[in-house]
Every structure is written in C-alpha cells, then in structure tokens.
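Peer 1:
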Amino acid sequence: MRRAEICIPRILEHEGGYVNHPNDPGGATNRGVTIGTLRRLGMDLDGDGDIDIADLKALSEADAIKVYKAFYWDKVSADLLPIGIDYAVADFAVNSGPGRAAKYLQRLLSVTQDGDIGPITLSAAAKSDPATLVVDLCDARLRFMRGLSIWKTFGRGWTARVEGVESAALADIAEARLPEPDAPPANPAPAGDEVERQRRAMLSARNILDAALQ
C-alpha cells in the first residue's frame, strides 16, 4: 500500500466534518477543505454553476482525499520523503500550509529555506535520523502554533493532534526498521504425514535389502 493511502486518511480523522468556527480565519471547512480550495480546483460538486457552501458540505471523503493528495501531499514531495517524516510534514502542511511545513523541515536539515522540497532537501532528509527529525519538527510546529493569536481557542486540539502525529510517525519508523522475516529453509524438515511417508519408505527399502541378502 502506498504511503499516501495510509497517511491521508489519518489526516482526515484529525480534520473532522463540516465546521464554521467564528474564530477560524480560514472560514468554513469540511474535512479540512475550504471553499477557496474548491474554487481553485473548480469543484462544483452540486453542478449548479457556482461553488459555495453547498458544494463544501457535499464534499465526500473520496473528494477530500484527492484534494489532500494534490494540494498538500504532492506539494511537499511526501512520496519521496522517508517513512514517518512524510506523514509529519504532510500533516503540518495541511494545518499551516505546504510552504511553511517545507521551510521548517529545511531549517532543521540546515538547507536553503525556499519552501520547495527538491533534491537537496530530499537528500538531507534521507541522511537524517528520521525519529529525531520527526520529534524536532513536531516541537517546532507546536512552537509556531503557540505564537498564533487563536492559540487559546484551538491550542488544546492542536496539541493533541501534533502529539498524535508524532506518535504515529515514530511507530511507522519503528515498524520500517524491523528486520525482514527469515526466509524458510531451502529444504524444510518434513512434518506430519510426510514424516510417516518417509518412515514407511525407509522401512520398505530396508525389507527389500534384507530379502536380497538372505
């Protein structure tokens, strides 16, 4: 299974359904997607010729996955990032924008902070310790969020989200490091009926040999 198919549904779980919180500067969202994003993608879901709240409310999970793949996952080159780092960066991108997520990653990797995750950033990420990088990125993400004016309103939820992302990413890294199961021996020991069959064959051969020697 591709990593996007694992990670994007996780992100959707954090985002929830339709919300129009008065303190959210992003306005109304459904599954974390804004009307602005729908308009940029031309997603007139109800086919009435315009893109409005009705279209936002009609957004299905399958539609949302397509949006997240195009606008966030692909924007941060998540398919090319190491396991664990991919999820931490993509979730950061959804919450705070792909450019910011990329720059924070680049700062931790000591490469140019241009917001574009290209060959240099990918090479540095591949050489990093993924667990350390995930922890540092999640810490930096929370520090950024604590400086926002709406921290008092959303801080508790954001903290739980980032802690959950960190835990899941570290679990992914640990699983990826597990050794491959040993291959079965080329000539496995016979078991059950096969053992009995071989015993009888050996006994029959011995009887034939004894008869020939008499």
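Residue 214 is where the sequence shown ends in UniProt numbering, and the numbering goes up by one at each step.
The C-beta atom is built at its ideal place from N, Cα and C for all residues, glycine as well.
Straight-line CA distance for residue 281 to residue 91?
Peer 2: Missing from the structure shown is residue 281; the chain here goes from 1 to 214 and no further.
Peer 1: Residue 30 by DSSP, collapsed to three states: which one?
Peer 2: If DSSP states are grouped into helix, strand and coil, residue 30 belongs with the strands.
Peer 1: Measuring alpha carbon to alpha carbon, tell me which of 39, 142, 56, 74 ends up nearest residue 159.
Peer 2: Answer by Cα proximity: 142.
Peer 1: So, residue 140 versus residue 108, is the Cβ gap smaller than 9 Å?
Peer 2: Taking 9 Å as the Cβ cut-off, residue 140 and residue 108 qualify as a contacting pair.
Peer 1: If you count every other CB in all the chains shown that lies within 10 Å of the CB of residue 57, and 16 or more means buried, which is it?
Peer 2: Flag for residue 57 reads exposed.
Peer 1: What first and last residue would you give for the alpha helix (DSSP H) that runs through residue 99?
Peer 2: Its alpha helix (DSSP H) spans residues 98-109.
Peer 1: How would you label residue 77, buried or exposed, when you count the other beta carbons within 10 angstroms and need 16 or more for buried?
Peer 2: That one is buried.
Peer 1: If you draw a straight line from the C-alpha of residue 12 to the C-alpha of residue 32, how long is it?
Peer 2: Distance between the alpha carbons of residue 12 and residue 32: 7 Å.
Peer 1: Can you tell me which of 51, 82, 88, 47 puts its alpha carbon nearest to the alpha carbon of residue 128?
Peer 2: Comparing Cα-Cα distances from residue 128 to each of 51, 82, 88, 47, the minimum goes to 82.
Peer 1: Going along the chain, which residues of its own chain have a beta-carbon closer than 6 Å to the beta-carbon of residue 113, five neighbours each way excluded?
Peer 2: Excluding positions up to five away in sequence, the list reads 103, 106, 107.
Peer 1: Once DSSP output is grouped into helix, strand and coil, what is the label at residue 135?
Peer 2: It is helical.
Peer 1: Would you please state the rounded distance, in angstroms, between the beta carbons of residue 27 and residue 34? I believe it to be under 8 Å.
Peer 2: Contact holds; Cβ gap of about 6 Å.
Peer 1: Between the C-alpha atoms of residue 144 and residue 169, what's the straight-line distance to the nearest angstrom?
Peer 2: Cα to Cα, residue 144 sits roughly 20 Å from residue 169.
Peer 1: What are the start and end residues of the alpha helix (DSSP H) that includes residue 46?
Peer 2: Here residue 46 belongs to no alpha helix (DSSP H), and DSSP marks it neither H nor E.
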